[in-house]
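Here the protein sequences line up with chains A and B, keeping their order.
Counting with our numbering, you get residues 7 to 266 for the letters of the first sequence.
Counting with our numbering, you get residues 7 to 266 for the letters of the second sequence.
Remarks on the structure that follows.
Protein chains: 2
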Amino acid sequence: MVALARTSAGRLLAVLGAFDHQHSALCLTDISRRAGLTLTTAHRLVGALTAWGALERDASGLYHIGLRLWEVAALAPRALALRQVALPYLEDLYEATHENVQLAVEDGGEVVYVEWLSGRSAVGVRIRVGGRWPLHATGVGLVLLAHSSAGSQEAYCAGPLAAFTPYTVTDPALLRRVLADVRRTGTAVSDRQVTDDAVSVAAPVRGPDGTVTAAVSVVVPHADGRVPALVPAVRLAGRGISRALGWRPRGNGAGTPSHR
Amino acid sequence: MVALARTSAGRLLAVLGAFDHQHSALCLTDISRRAGLTLTTAHRLVGALTAWGALERDASGLYHIGLRLWEVAALAPRALALRQVALPYLEDLYEATHENVQLAVEDGGEVVYVEWLSGRSAVGVRIRVGGRWPLHATGVGLVLLAHSSAGSQEAYCAGPLAAFTPYTVTDPALLRRVLADVRRTGTAVSDRQVTDDAVSVAAPVRGPDGTVTAAVSVVVPHADGRVPALVPAVRLAGRGISRALGWRPRGNGAGTPSHR
Numbered sequence: 007m008v009a010l011a012r013t014s015a016g017r018l019l020a021v022l023g024a025f026d027h028q029h030s031a032l033c034l035t036d037i038s039r040r041a042g043l044t045l046t047t048a049h050r051l052v053g054a055l056t057a058w059g060a061l062e063r064d065a066s067g068l069y070h071i072g073l074r075l076w077e078v079a080a081l082a083p084r085a086l087a088l089r090q091v092a093l094p095y096l097e098d099l100y101e102a103t104h105e106n107v108q109l110a111v112e113d114g115g116e117v118v119y120v121e122w123l124s125g126r127s128a129v130g131v132r133i134r135v136g137g138r139w140p141l142h143a144t145g146v147g148l149v150l151l152a153h154s155s156a157g158s159q160e161a162y163c164a165g166p167l168a169a170f171t172p173y174t175v176t177d178p179a180l181l182r183r184v185l186a187d188v189r190r191t192g193t194a195v196s197d198r199q200v201t202d203d204a205v206s207v208a209a210p211v212r213g214p215d216g217t218v219t220a221a222v223s224v225v226v227p228h229a230d231g232r233v234p235a236l237v238p239a240v241r242l243a244g245r246g247i248s249r250a251l252g253w254r255p256r257g258n259g260a261g262t263p264s265h266r
Numbered sequence: 007m008v009a010l011a012r013t014s015a016g017r018l019l020a021v022l023g024a025f026d027h028q029h030s031a032l033c034l035t036d037i038s039r040r041a042g043l044t045l046t047t048a049h050r051l052v053g054a055l056t057a058w059g060a061l062e063r064d065a066s067g068l069y070h071i072g073l074r075l076w077e078v079a080a081l082a083p084r085a086l087a088l089r090q091v092a093l094p095y096l097e098d099l100y101e102a103t104h105e106n107v108q109l110a111v112e113d114g115g116e117v118v119y120v121e122w123l124s125g126r127s128a129v130g131v132r133i134r135v136g137g138r139w140p141l142h143a144t145g146v147g148l149v150l151l152a153h154s155s156a157g158s159q160e161a162y163c164a165g166p167l168a169a170f171t172p173y174t175v176t177d178p179a180l181l182r183r184v185l186a187d188v189r190r191t192g193t194a195v196s197d198r199q200v201t202d203d204a205v206s207v208a209a210p211v212r213g214p215d216g217t218v219t220a221a222v223s224v225v226v227p228h229a230d231g232r233v234p235a236l237v238p239a240v241r242l243a244g245r246g247i248s249r250a251l252g253w254r255p256r257g258n259g260a261g262t263p264s265h266r
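Right under this line is the structure:
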């Protein structure tokens, strides 16, 4: 973080980067410390950001991310634009299953959840919209990883694979077989990989050129036994979002369903 | 925009500010022009923003707002945090009415929509999440304006009131009466004020201290005649979100419903 702070642009971005889910309201001192800046510099940059609306100050003097930054960020095609297209399908999947429904993209070797609709079951809700998780430990992550380049997959399997539960797959050879299964079956089932009471069923979302640009999933209690019943629904949601994004299955002829 | 660009922080923010709903994908030349910067400066700042993830470049060379900026912006309490709390109530209101449902806050004398669930009717969808609209021409805006300070209301009524349809209220005296009605009845009905085929029914959302921090509304076709049936539902949604934010009605005694 300190290296980033050496250009003026880097210093301003370091102030924004000081905020995260565990630190969403910060005093000036914490901002300067987390951003690796002197108090004077932090004060000047916080002032500029507050004047513009990227930060807001509350009654107790703490700074939060401001509404205007959110408005600009709402233009990010890989987050809100994708979400706007996908939301009706996510809502339908939620209505059909009454379980947690998620939409995620890949960024820098991690899963980023761009939407999370909460169901009524009691599975662990550690994940939140905007949160990042490793690819190997989540259903959406397995889908995204399985459809990334061969080089990306190799590099990921070769790297350290963190364990979150006693069941998390941390063996590279096993992970490679799991990824091959995901491509073959069209679905990922991630069983108790990130919390020890939940199973995630995930399917790909494709863009107009056919590449996998996102993944959709449902998370249910492990003890539920509903996984087989959920697979077709999640795949259908993935295809629906894909069509809404402009994807069309490769046809064998007019009216013939394609095997994709 | 040019005045803002005279400090280094201002210049970086001007690059972000160059993006809006009509200009969500920009080439470097357009960024430099819209931000009021030289091509060299724009190139340097765009590079810094892209390296950090606030901007992303697509296959055709255009820059978009990047996923990482959205993740940071997701921390904004007045946008995503509010939305996360409100979403179940908005979804229930959508399920109950099958019409467009919105959640909005006030910022700088304008309405900012932080959520918009689309219904199946054909009313004009000019409004989008993250978009800004004037307070007097929308149901949510009337609710927010009616509960702002007396000084803010007077300043707003004294300023120019833009017309969007032949029905838009542009007479300050009439607007003051409308605002008084909103406070008295607890609901705003905005009839064909922003598009000439839609009516909006809006109700307040209160924070723990009782102040109106947001507004929720339903937009239906004007010709529908459903407005009276929607008023209780929208008010209920507003109260539900308020309770979820920690608001409690002022009680007259244990178990006695308050008249609020």
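Don't be surprised by glycine CBs; every beta carbon is placed ideally from N, CA and C.
If you're wondering where the values come from, they're calculated on a predicted model, not measured in any experiment.
6 Å CB neighbourhood of residue i in its chain, flanking five on each side removed
i	result
residue 25(B)	71
residue 152(B)	185, 188 and 189
residue 174(B)	143 and 199
residue 197(A)	205
residue 244(B)	209, 210, 211 and 222
residue 41(B)	20, 21 and 24
residue 13(A)	none
Chain D contact residues for residue i, given Cβ-Cβ distances below 8 Å
i	result
residue 34(A)	Looking for chain D here will not work: the only protein chains present are A and B.
Status (buried if at least 16 other CB within 10 Å, exposed otherwise) for residue i
i	result
residue 101(A)	exposed
residue 32(B)	buried
residue 29(B)	exposed
residue 214(A)	exposed
residue 156(B)	exposed
residue 172(A)	exposed
residue 194(B)	buried
residue 165(A)	exposed
residue 140(A)	buried
residue 168(A)	exposed
residue 256(B)	exposed
residue 278(A)	Nothing can be reported for residue 278(A), as the shown portion of chain A is limited to 7 through 266.
residue 231(B)	exposed
residue 234(A)	exposed
residue 45(A)	exposed
residue 181(A)	buried
Beta-carbon proximity list for residue i, same chain, < 8 Å, skipping 5 on both sides
i	result
residue 53(B)	none
residue 56(B)	62, 63, 69 and 72
The ligand MG heavy atom lying under 7 Å from the CB of residue i
i	result
residue 148(A)	The model depicted lacks the ligand MG and carries no ligand whatsoever.
Sequence-distant residues of its chain with Cβ nearer than 7 Å to residue i (five each side left out)
i	result
residue 216(B)	253
residue 49(B)	34
residue 37(B)	21, 24, 48, 52 and 69
residue 237(A)	193 and 207
residue 176(A)	167 and 169
Of the listed residues the options, nearest to residue i (C-alpha basis)
i	options	result
residue 246(B)	86(B), 75(B) and 94(B)	94(B)
residue 219(B)	210(B), 227(B), 225(B) and 226(B)	210(B)
residue 111(A)	82(A), 87(A) and 147(A)	147(A)
residue 91(A)	248(A), 256(A) and 255(A)	248(A)
residue 154(A)	235(A), 212(A) and 55(A)	212(A)
residue 316(A)	177(A), 99(A) and 137(A)	No statement about residue 316(A) is possible, as the shown extent of chain A runs from 7 to 266 and does not include it.
residue 87(A)	43(B), 15(B), 27(B) and 224(B)	27(B)
residue 121(A)	89(B), 158(B), 183(B) and 177(B)	89(B)
residue 159(A)	183(A), 46(A), 96(A) and 17(A)	183(A)
residue 82(A)	74(B), 82(B) and 85(B)	74(B)
residue 251(B)	18(B), 84(B) and 17(B)	84(B)
Helix, strand or coil at residue i according to DSSP, with G and I counted as helix
i	result
residue 97(A)	helix
residue 28(A)	coil
residue 253(A)	coil
residue 43(B)	coil
residue 158(B)	helix
residue 196(B)	strand
residue 57(B)	helix
residue 105(B)	coil
residue 219(A)	strand
residue 169(B)	coil
residue 232(B)	coil
residue 80(B)	coil
residue 181(A)	helix
residue 70(A)	strand
residue 140(B)	strand
residue 203(A)	coil
residue 214(B)	coil
residue 113(A)	strand
Decide if the region 43-63 of chain A is in contact with the region 55-72 of chain B; the criterion is three or more beta carbon pairs, one per stretch, under 8 Å apart. no
Inspect the CB distances between the region 99-117 of chain B and the region 109-116 of chain A and report whether three or more fall short of 8 Å. no
Between the region 192-202 of chain B and the region 74-90 of chain B, do at least 3 Cβ pairs fall closer than 8 Å? no
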